[in-house]
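Reviewing the structure listed below.
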Amino acid sequence: MKKAFTIVEVSILFVIFLIVAFLVAPMSLNDSRQVKYAAIWRNIQAEYSNVFYTVFADSISNDSEVKNKLISIINTELVDDLKPYKVLYLNGTFPSKTYQFDKYKLTAQNAVLSVKFFEKPQDNLIGILMYDVNGKSSPNIWGKDVFGYNIYSDRFEPFCKEKPVNIQNQDCSKDGTGLCCSNFYLIGGSFD
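If you're matching positions, the sequence shown starts at 99 in the numbering used here and goes up one per residue.
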(Lines of atoms letter the chains of each structure in order from A; the text may use other names.)
(Lines give C-alpha, C1' and ligand atoms only; values in the text may rest on other atoms or scores of the structure.)
Protein backbone atom coordinates (compact mmCIF):
# COMPACT_ATOMS: atom_id res chain seq x y z
CA MET A 99 0.00 0.00 0.00
CA LYS A 100 1.31 3.47 -0.95
CA LYS A 101 1.87 5.79 1.98
CA ALA A 102 1.44 9.56 1.36
CA PHE A 103 2.08 12.57 3.51
CA THR A 104 -0.79 13.70 5.63
CA ILE A 105 -2.04 17.27 5.43
CA VAL A 106 -0.58 17.90 8.91
CA GLU A 107 2.89 16.74 7.84
CA VAL A 108 2.78 18.88 4.71
CA SER A 109 1.61 21.89 6.75
CA ILE A 110 4.44 21.46 9.29
CA LEU A 111 6.99 21.19 6.50
CA PHE A 112 5.56 24.30 4.82
CA VAL A 113 5.76 26.30 8.08
CA ILE A 114 9.40 25.21 8.58
CA PHE A 115 10.29 26.39 5.05
CA LEU A 116 8.58 29.74 5.68
CA ILE A 117 10.46 30.27 8.95
CA VAL A 118 13.80 29.52 7.28
CA ALA A 119 12.95 31.86 4.39
CA PHE A 120 12.02 34.69 6.77
CA LEU A 121 15.30 34.24 8.65
CA VAL A 122 17.52 34.09 5.56
CA ALA A 123 15.85 36.71 3.35
CA PRO A 124 16.73 39.83 5.41
CA MET A 125 20.40 38.81 5.54
CA SER A 126 20.61 38.35 1.79
CA LEU A 127 18.70 41.61 1.15
CA ASN A 128 21.12 43.54 3.38
CA ASP A 129 24.10 41.99 1.60
CA SER A 130 22.69 42.79 -1.84
CA ARG A 131 21.99 46.40 -0.79
CA GLN A 132 25.53 46.68 0.55
CA VAL A 133 26.95 45.33 -2.70
CA LYS A 134 24.84 47.87 -4.61
CA TYR A 135 25.97 50.78 -2.40
CA ALA A 136 29.63 49.73 -2.67
CA ALA A 137 29.31 49.54 -6.47
CA ILE A 138 27.82 53.04 -6.60
CA TRP A 139 30.64 54.26 -4.34
CA ARG A 140 33.25 52.76 -6.71
CA ASN A 141 31.66 54.60 -9.65
CA ILE A 142 31.47 57.87 -7.71
CA GLN A 143 35.05 57.46 -6.59
CA ALA A 144 36.16 57.12 -10.21
CA GLU A 145 34.22 60.27 -11.20
CA TYR A 146 35.50 62.32 -8.29
CA SER A 147 39.05 61.11 -8.89
CA ASN A 148 38.98 62.86 -12.24
CA VAL A 149 37.55 66.04 -10.72
CA PHE A 150 40.05 66.21 -7.90
CA TYR A 151 43.04 65.37 -10.06
CA THR A 152 42.00 68.12 -12.46
CA VAL A 153 42.11 70.56 -9.55
CA PHE A 154 45.57 69.44 -8.50
CA ALA A 155 46.87 69.32 -12.08
CA ASP A 156 46.11 73.03 -12.43
CA SER A 157 49.22 73.76 -10.32
CA ILE A 158 47.35 75.61 -7.62
CA SER A 159 49.79 77.28 -5.28
CA ASN A 160 48.00 77.34 -1.90
CA ASP A 161 45.30 75.70 0.21
CA SER A 162 42.88 78.54 -0.24
CA GLU A 163 43.01 78.23 -4.04
CA VAL A 164 42.42 74.46 -3.72
CA LYS A 165 39.40 75.08 -1.45
CA ASN A 166 37.90 77.71 -3.76
CA LYS A 167 38.35 75.59 -6.88
CA LEU A 168 36.85 72.49 -5.20
CA ILE A 169 33.93 74.45 -3.78
CA SER A 170 33.23 75.91 -7.20
CA ILE A 171 33.30 72.47 -8.88
CA ILE A 172 31.24 70.78 -6.19
CA ASN A 173 28.65 73.58 -6.07
CA THR A 174 27.91 73.11 -9.77
CA GLU A 175 26.72 69.58 -8.94
CA LEU A 176 24.50 70.57 -6.01
CA VAL A 177 20.78 70.96 -6.41
CA ASP A 178 19.17 71.66 -3.07
CA ASP A 179 19.94 72.20 0.61
CA LEU A 180 18.85 69.49 3.01
CA LYS A 181 17.63 70.64 6.37
CA PRO A 182 17.03 67.63 8.61
CA TYR A 183 19.67 65.02 7.85
CA LYS A 184 21.52 62.83 10.31
CA VAL A 185 24.35 60.33 9.81
CA LEU A 186 25.48 57.69 12.31
CA TYR A 187 28.60 55.60 12.69
CA LEU A 188 28.31 51.91 11.81
CA ASN A 189 28.24 51.02 15.52
CA GLY A 190 25.13 53.20 16.01
CA THR A 191 26.80 56.14 17.77
CA PHE A 192 26.91 59.75 16.60
CA PRO A 193 30.02 60.85 14.70
CA SER A 194 32.77 62.81 16.39
CA LYS A 195 32.89 66.55 15.70
CA THR A 196 35.39 66.03 12.88
CA TYR A 197 32.84 63.98 10.92
CA GLN A 198 29.83 66.21 11.57
CA PHE A 199 28.86 68.59 8.78
CA ASP A 200 26.88 71.84 8.89
CA LYS A 201 25.32 71.81 5.44
CA TYR A 202 24.18 68.94 3.30
CA LYS A 203 23.24 69.24 -0.35
CA LEU A 204 21.32 67.01 -2.69
CA THR A 205 23.11 66.30 -5.96
CA ALA A 206 21.60 65.89 -9.41
CA GLN A 207 22.03 62.11 -8.94
CA ASN A 208 19.88 62.30 -5.77
CA ALA A 209 22.86 61.64 -3.48
CA VAL A 210 23.73 63.68 -0.40
CA LEU A 211 27.03 65.54 -0.41
CA SER A 212 28.81 67.70 2.13
CA VAL A 213 32.26 69.24 2.28
CA LYS A 214 34.01 70.57 5.36
CA PHE A 215 37.26 72.54 5.28
CA PHE A 216 39.32 72.92 8.44
CA GLU A 217 40.44 76.30 9.75
CA LYS A 218 43.87 74.92 10.58
CA PRO A 219 45.12 72.15 8.27
CA GLN A 220 46.86 69.24 9.97
CA ASP A 221 49.55 67.26 8.16
CA ASN A 222 48.45 68.71 4.80
CA LEU A 223 44.80 67.68 5.48
CA ILE A 224 42.64 70.68 4.60
CA GLY A 225 39.17 69.13 4.64
CA ILE A 226 36.87 66.15 4.21
CA LEU A 227 34.03 65.22 1.88
CA MET A 228 31.02 63.06 2.75
CA TYR A 229 28.93 61.29 0.09
CA ASP A 230 25.69 59.37 0.79
CA VAL A 231 25.18 57.20 -2.29
CA ASN A 232 21.45 56.63 -1.83
CA GLY A 233 20.52 60.15 -0.78
CA LYS A 234 18.11 60.88 2.03
CA SER A 235 16.89 57.28 2.14
CA SER A 236 17.99 55.24 5.14
CA PRO A 237 20.21 53.85 6.55
CA ASN A 238 22.46 57.01 6.39
CA ILE A 239 25.30 55.19 8.14
CA TRP A 240 29.04 55.52 7.57
CA GLY A 241 30.22 52.36 5.83
CA LYS A 242 26.75 51.31 4.69
CA ASP A 243 25.66 54.03 2.28
CA VAL A 244 27.84 56.95 3.44
CA PHE A 245 31.50 57.21 2.41
CA GLY A 246 34.12 59.92 2.41
CA TYR A 247 37.40 61.47 1.32
CA ASN A 248 40.23 63.25 3.04
CA ILE A 249 41.12 66.37 1.05
CA TYR A 250 44.79 67.30 1.21
CA SER A 251 46.42 70.36 -0.33
CA ASP A 252 48.09 68.13 -2.92
CA ARG A 253 45.79 65.10 -3.25
CA PHE A 254 42.63 63.45 -2.02
CA GLU A 255 42.11 59.93 -0.69
CA PRO A 256 39.27 57.79 0.63
CA PHE A 257 39.23 57.69 4.44
CA CYS A 258 41.78 55.27 5.96
CA LYS A 259 43.71 54.67 2.76
CA GLU A 260 46.96 54.81 4.73
CA LYS A 261 45.82 52.33 7.40
CA PRO A 262 46.59 48.60 7.31
CA VAL A 263 43.91 46.37 5.77
CA ASN A 264 43.21 44.59 9.08
CA ILE A 265 42.42 47.96 10.74
CA GLN A 266 40.14 48.89 7.84
CA ASN A 267 38.39 45.51 8.11
CA GLN A 268 37.95 45.93 11.86
CA ASP A 269 36.47 49.41 11.39
CA CYS A 270 33.99 48.01 8.85
CA SER A 271 32.50 45.67 11.47
CA LYS A 272 29.39 46.36 13.55
CA ASP A 273 31.65 47.61 16.36
CA GLY A 274 33.54 50.12 14.19
CA THR A 275 32.79 53.59 12.92
CA GLY A 276 32.49 52.58 9.26
CA LEU A 277 34.76 55.41 8.10
CA CYS A 278 37.41 52.99 6.81
CA CYS A 279 34.83 51.27 4.60
CA SER A 280 35.38 54.21 2.23
CA ASN A 281 38.68 52.64 1.19
CA PHE A 282 38.14 49.05 2.31
CA TYR A 283 35.36 48.40 -0.24
CA LEU A 284 37.40 50.03 -3.00
CA ILE A 285 40.26 47.58 -2.47
CA GLY A 286 37.91 44.59 -2.54
CA GLY A 287 37.12 44.19 1.17
CA SER A 288 34.14 42.02 2.02
CA PHE A 289 31.04 42.85 4.03
CA ASP A 290 30.71 41.57 7.60
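Even glycine gets a Cβ: it sits at the ideal position worked out from N, Cα and C.
Reducing DSSP to helix, strand and coil, say where Thr205 ends up. Strand, per DSSP.
Alpha-carbon spacing of Ala137 relative to Lys272, whole angstroms: Rounded to whole angstroms, Ala137 to Lys272 spans 20 Å at the Cα level.
Might you give, ordered along the chain, the residues of its own chain that have their beta carbon closer than 7 Å to the beta carbon of Tyr283, omitting 5 neighbours on each side? Correct list, in chain order: Ala136, Trp139.
So Gly246 packs on Tyr229, CB below 8 Å; how close in whole Å? Contact between Gly246 and Tyr229 is confirmed by a C-beta separation of about 7 Å, below the 8 Å threshold.
Please state whether the Cβ-Cβ distance between Thr275 and Tyr183 is less than 8 Å. It is not a contact, given that the beta carbons lie outside the stated cut-off.
Around the C-beta of Glu260, are 16 or more other C-beta atoms found within 10 angstroms, so that it is buried, or is it exposed? Residue environment: Glu260 is assigned as exposed (fewer than 16 neighbouring CB atoms within 10 Å of its CB, all protein chains considered).
Cβ shell of Ile105 (< 7 Å), same chain only, five flanking positions each side left out: Closer than 7 Å at Cβ, skipping near neighbours: no residue.
Starting from the C-beta of Phe254, find all residues in its chain whose C-beta is less than 6 Å away, skip the five residues before and the five after it, and write them out in chain order. Within the same chain, Phe254 has close Cβ partners Phe150, Tyr247.
Along the beta strand (DSSP E) that carries Asp230, what are the first and last residues, could you check? 223-230 is the span of the beta strand (DSSP E), which, as asked, contains Asp230.
Taking only the alpha-carbon atoms, compute the straight-line gap between Phe115 and Val231 and give it to the nearest angstrom. The straight-line gap from Cα to Cα measures roughly 35 Å.
Using three-state DSSP, classify Glu163 as helix, strand or coil. Here Glu163 sits in helix by DSSP.
Please report the distance separating the alpha-carbon of Lys201 from that of Phe215. Cα atoms of Lys201 and Phe215: separation of roughly 12 Å, rounded to the nearest angstrom.
Compute the beta-carbon to beta-carbon distance between Ser251 and Asn281, rounded to the nearest angstrom, for a pair I have assumed lies under 8 Å. In fact, because the Cβ distance is near 20 Å, the residues do not count as touching under 8 Å.
For Leu204 versus Val213, is the C-beta distance shorter than 8 Å? No, they are not a contact pair.
Boundaries of the beta strand (DSSP E) in which Ser212 is found, first to last residue: Run containing Ser212: 210-220, per the beta strand (DSSP E) assignment.
My guess is that Asn264 and Gly287 are in contact by the Cβ rule of under 8 Å, so how many angstroms apart are they, rounded? Contact flag wrong, Cβ pair sits at about 10 Å.
Where DSSP assigns a beta bridge to Tyr250, which residues make up the other side? Looking at the DSSP assignment, Tyr250 forms a beta bridge with Leu223.
Just how far apart, CA to CA, sit Val133 and Gly190? Computed Cα separation, rounded: 20 Å.
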